[in-house]
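Asks:
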Amino acid sequence: MPRPHCWLLLLLGLLFPAGAPAQTEGAQTEGPRSERAEELFAAENLVAWCVVPFDARQRGPEARATMLQRLGFSKLAYDWREAQVPSFEQEIVELQKAGIELFAFWDEHPAAFELFEKYNLQPQIWKTAPSPTAEGHDENDPAVRVAAAAAQLRPLVDRTRQLGCKLGLYNHGGWGGEPENLVAVVEALRQQGDADHVGIVYNLHHAHADLDRLEQALQQMQPYLLCLNLNGMSQPPAAKILPIGSGEHDREWLRVVLESNYRGPIGILDHRPEIDAEQSLQQNLRGLKHLTANASP
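Residue numbers for the sequence shown follow my numbering, so the first one is 2 and each next one is one higher.
1. Measuring only the C-alpha atoms, how far is G129 from L170?
2. Rounded to a whole number of angstroms, what is the C-alpha to C-alpha distance between H291 and P266?
3. What does a CB cutoff of less than 8 Å around L122 pick up in its chain, not counting 5 residues either side in sequence?
4. Please return the same chain residues whose Cβ sits closer than 8 Å to the Cβ of I101, not counting the five positions on each side in sequence.
5. As a quick exercise: from F106, Q236, Q217, pick the residue whose alpha carbon is nearest that of E260.
6. Look at the alpha carbon of A28 and the alpha carbon of P111, and state the distance between them as a whole number of angstroms.
7. Alpha helix (DSSP H) containing E253: first to last residue?
8. Can you say whether R264 is buried or exposed, counting buried as having 16 or more other CB atoms within 10 angstroms of its CB?
9. What are the boundary residues of the alpha helix (DSSP H) that includes I309?
10. Rounding to the nearest angstrom, what Cα-Cα distance links M222 and F89 in this structure?
11. What number of angstroms, rounded off, separates the C-alpha of S247 from the C-alpha of E253?
12. Expressed to the nearest angstrom, what Euclidean distance is found between the alpha-carbon atoms of A99 and T134?
13. Kindly indicate which three-state DSSP category Q223 falls into: helix, strand or coil?
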């Protein structure tokens, strides 16, 4: 079926018209920025995320796969709760029928890992980066906490390597969610020689405290970044989860993302249990379209 996101090529033509005036020295040129936007926000690069347990319609695997296909998604990052465990296999089957990749799987579960081997799947595994204490040591010594976090993750590092899956450390607040600590833990694991598959999954909806240093944070994380999940961003007391394009800082994060070196997958968030997941995803897709079309060059 046709993909609905071909709007991107059209809107980029409007955003970056031929014959536009040359930019001042040091500014990003329109051509490269246009190419970056086309690559980053192409339909095949978008990942539906935080959909399964947050859907007010409480769709099952078949209805969910149909909905994602209808919206033009080709990738799903699968978030789950205990209620979904019995339907793990059906989810895989229905996604395959719809031609949708199981791109990532939240956390870990032995039943899911068995199914990945059965179906020869290697989704990214997304795990909240730990925030260990430094018991018996100087709490202000970051090296101690980095070593403790790496040790805590070691069994999952080994299991994901055996499965052939990438392991993405996920920012979810706390010490472990700070960009420099994510990088430090990944580097500590990689220095052990058998953890090149470990990287970072960075979520804007858990990054409000990083907004004033987002450019630096992305630069630090970029060599290890496996997925970047977008969100409408306003400071508290605004809602934490906002549709893309409705946040007061959305133009700024768009500029930072487009001017960064990141070229990987882009997550489109649901995470709003009060409404139909299809409606929430549609709002974000429309918001991304509008935001990109009206961004300053």
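C-beta atoms are modelled at their ideal positions from N, C-alpha and C, and glycine is treated no differently.
Replies: Well, looking at it:
1. Note on residue identity: the sequence assigns Thr, not Gly, to residue 129. The straight-line gap from Cα to Cα measures roughly 6 Å.
2. 20 Å
3. I93, L103, L116
4. A66, L69, Q70, F74, S75, K76, L77
5. Q217
6. Its pLDDT being 35, under 50, A28 is placed unreliably by the model, and nothing is read from it.
7. 251 to 260
8. exposed
9. Residue 309 is absent from the model: the chain starts at 2 and stops at 298.
10. 31 Å
11. 12 Å
12. 44 Å
13. helix
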